[in-house]
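These protein sequence lines map, in sequence, to chains A and B. First residue of the first sequence? That's 1 in our numbering, and the numbers climb one at a time after it. First residue of the second sequence? That's 1 in our numbering, and the numbers climb one at a time after it.
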Amino acid sequence: EDQVTQSPEALRLQEGESSSLNCSYTVSGLRGLFWYRQDPGKGPEFLFTLYSAGEEKEKERLKATLTKKESFLHITAPKPEDSATYLCAVQETDSWGKLQFGAGTQVVVTP
Amino acid sequence: DGGITQSPKYLFRKEGQNVTLSCEQNLNHDAMYWYRQDPGQGLRLIYYSQIVNDFQKGDIAEGYSVSREKKESFPLTVTSAQKNPTAFYLCASGLGQYQETQYFGPGTRLLVL
Numbered sequence: 001e002d003q004v005t006q007s008p009e010a011l012r013l014q015e016g017e018s019s020s021l022n023c024s025y026t027v028s029g030l031r032g033l034f035w036y037r038q039d040p041g042k043g044p045e046f047l048f049t050l051y052s053a054g055e056e057k058e059k060e061r062l063k064a065t066l067t068k069k070e071s072f073l074h075i076t077a078p079k080p081e082d083s084a085t086y087l088c089a090v091q092e093t094d095s096w097g098k099l100q101f102g103a104g105t106q107v108v109v110t111p
Numbered sequence: 001d002g003g004i005t006q007s008p009k010y011l012f013r014k015e016g017q018n019v020t021l022s023c024e025q026n027l028n029h030d031a032m033y034w035y036r037q038d039p040g041q042g043l044r045l046i047y048y049s050q051i052v053n054d055f056q057k058g059d060i061a062e063g064y065s066v067s068r069e070k071k072e073s074f075p076l077t078v079t080s081a082q083k084n085p086t087a088f089y090l091c092a093s094g095l096g097q098y099q100e101t102q103y104f105g106p107g108t109r110l111l112v113l
């Protein structure tokens with residue numbers, strides 16, 4: 001059974017068209033939820049860590065939020081350079097260092 | 001510049017051959033990790049090491065081996081027992097604490113000839 005599910009699998013946006021990505025998770029206890037950005041053929045780049053429900057973090061046009069069962073990554077007024085695959089991962093309270101990753105959402109922003 | 005380096009960028013394996021992927025970090029991190037990434041799937045943990053001379057199996061360790069003789073280095077060997085090795089391999093490191101963030105290297109793409 002998947003512990004981390006990301007939706008949609010792919011998202012095509014016009015430049016300036018805001019949208020949200022979803023990451024739902026099923027774990028017994030959450031130690032942390034992580035968002036990464038991955039460009040084709042490259043390693044994931046760290047974006048945010050969220051620890052508790054209600055927490056929010058922002059970086060440029062990206063804002064991550066967390067509830068008890070899911071996290072959202074909001075992209076406000078995206079630009080073509082925001083095109084990438086966005087990965088979500090969770091760390092459970094009883095798994096030292098281990099991250100469970102979702103399959104990712106591929107975002108394409110067209111001019 | 002602090003960071004994680006992986007080499008080579010591309011690696012070709014012949015039938016029955018063992019190959020070793022290199023991972024080096026100069027972030028002074030205690031913990032290091034190896035993941036495998038396949039199209040349409042999330043990253044899967046192969047092995048991890050919390051400290052020098054110690055490592056644990058992840059979710060898909062069969063057909064792989066590692067060593068951790070130095071804090072900076074965590075090489076991964078893909079053995080001939082791994083029947084489907086074609087994938088993108090990612091090395092990561094972290095401080096080794098709870099709620100830690102893991103930082104990734106640029107990856108090695110392994111292809112089978």
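We treat Cβ as the ideally placed atom computed from N, Cα and C, and that holds for glycine. Here the structure is a predicted model, which means the values were calculated and not measured.
Looking only at its chain, what residues have a beta carbon closer than 7 Å to the beta carbon of residue i, apart from the 5 residues adjacent to it on each side?
i: A:Asp39; result: Ala84
i: B:Gln37; result: Leu43, Ala87, Phe88, Leu90
i: B:Ser67; result: Pro75
i: B:Ser80; result: Gly16, Gln17, Asn18
Below 6 Å CB to CB, which residues in the same chain sit around residue i once its five sequence neighbours on both sides are set aside?
i: A:Thr93; result: Gly29, Arg31
i: B:Tyr10; result: Arg109
i: A:Glu55; result: Leu66
Could you work out which residue in the options is closest to residue i when comparing CA atoms only?
i: A:Ala53; options: A:Trp96, A:Tyr25, A:Arg12; result: A:Tyr25
i: B:Lys70; options: B:Ile60, B:Phe88, B:Lys83, B:Gln50; result: B:Gln50
i: B:Pro75; options: B:Glu62, B:Asn28, B:Tyr89; result: B:Tyr89
i: A:Phe101; options: A:Pro111, A:Leu87, A:Thr110; result: A:Leu87
i: A:Gln3; options: A:Glu81, A:Lys69, A:Pro111, A:Lys57; result: A:Lys69
i: B:Ser114; options: B:Glu100, B:Tyr33, B:Pro39; result: Examination of residue 114 of chain B is not possible in this model, given that chain B is present from 1 through 113 alone.
i: B:Val78; options: B:Ile4, B:Thr5, B:Glu15, B:Tyr103; result: B:Glu15
i: B:Ala92; options: B:Gln17, B:Asn28, B:Phe12, B:Pro39; result: B:Asn28
i: B:Thr5; options: B:Arg13, B:Thr20, B:Phe12, B:Asn26; result: B:Asn26
i: B:Val112; options: B:Asn84, B:Pro8, B:Pro39; result: B:Asn84
i: B:Gln41; options: A:Phe72, A:Thr5, A:Gln14; result: A:Thr5
i: A:Gln49; options: A:Gly41, A:Leu33, A:Arg61, A:Leu62; result: Looking at the sequence provided, one finds Thr at residue 49 of chain A rather than Gln. Ranking A:Gly41, A:Leu33, A:Arg61, A:Leu62 by Cα distance to A:Thr49 puts A:Leu33 first.
i: A:Ala64; options: A:Glu81, A:Pro80, A:Phe46; result: A:Phe46
For residue i, which residues of its own chain have a beta-carbon under 8 Å away from its beta-carbon, when the five flanking residues on both sides are left out?
i: A:Ser18; result: His74, Ile75, Thr76, Ala77, Pro78
i: B:Tyr48; result: Ala31, Met32, Tyr33, Trp34, Phe55, Gln56, Gly58
For the beta strand (DSSP E) containing residue i, name the first residue and the last one.
i: B:Trp34; result: 31-37
i: A:Val107; result: 105-110
i: B:Phe12; result: 10-13
i: A:Ala84; result: 84-92
i: B:Ile51; result: 44-51
i: B:Thr20; result: 19-25
i: B:Leu77; result: The amino acid occupying residue 77 of chain B in the given sequence is Thr; Leu does not appear at that position. Run containing B:Thr77: 76-78, per the beta strand (DSSP E) assignment.
i: B:Lys57; result: 54-57
i: B:Gln6; result: 4-7
i: B:Ser65; result: 64-66
Ignoring anything shorter than 3 residues, give me the beta strand (DSSP E) runs that lie fully in the segment 81-113 of chain B, in order along the chain.
Segments of the beta strand (DSSP E) lying fully in the segment 81-113 of chain B: 87-94, 108-112.
Please list the segments of the beta strand (DSSP E) lying wholly inside the segment 4-39 of chain A, counting only runs of 3 or more residues, in order along the chain.
Within the segment 4-39 of chain A, the runs of beta strand (DSSP E) that reach at least 3 residues and sit entirely inside it are, in chain order, 4-7, 10-14, 19-25, 30-38.
What beta strand (DSSP E) runs, 3 residues minimum, are completely inside the segment 46-70 of chain A?
Counting only runs of 3+ residues, the beta strand (DSSP E) found wholly inside the segment 46-70 of chain A occupies 56-59, 62-66, in chain order.
When Cβ atoms are compared, which residues of the segment 42-65 of chain A fall closer than 7 Å to chain B?
Listed in chain order, the positions of the segment 42-65 of chain A with a beta carbon within less than 7 Å of a beta carbon of chain B are Lys42, Gly43, Pro44, Phe46, Thr49, Tyr51.
Scan the segment 6-19 of chain B for residues whose Cβ lies nearer than 7 Å to a Cβ of chain A and list them as they occur along the chain.
From the segment 6-19 of chain B, no residue has a Cβ closer than 7 Å to chain A.
Near-chain B residues of the segment 89-108 of chain A - C-beta to any C-beta below 8 Å:
Going along the segment 89-108 of chain A in chain order, one finds Ala89, Gln91, Trp96, Gly97, Lys98, Leu99, Gln100, Phe101, Gly102, Ala103, Gly104 with a Cβ nearer than 8 Å to chain B.
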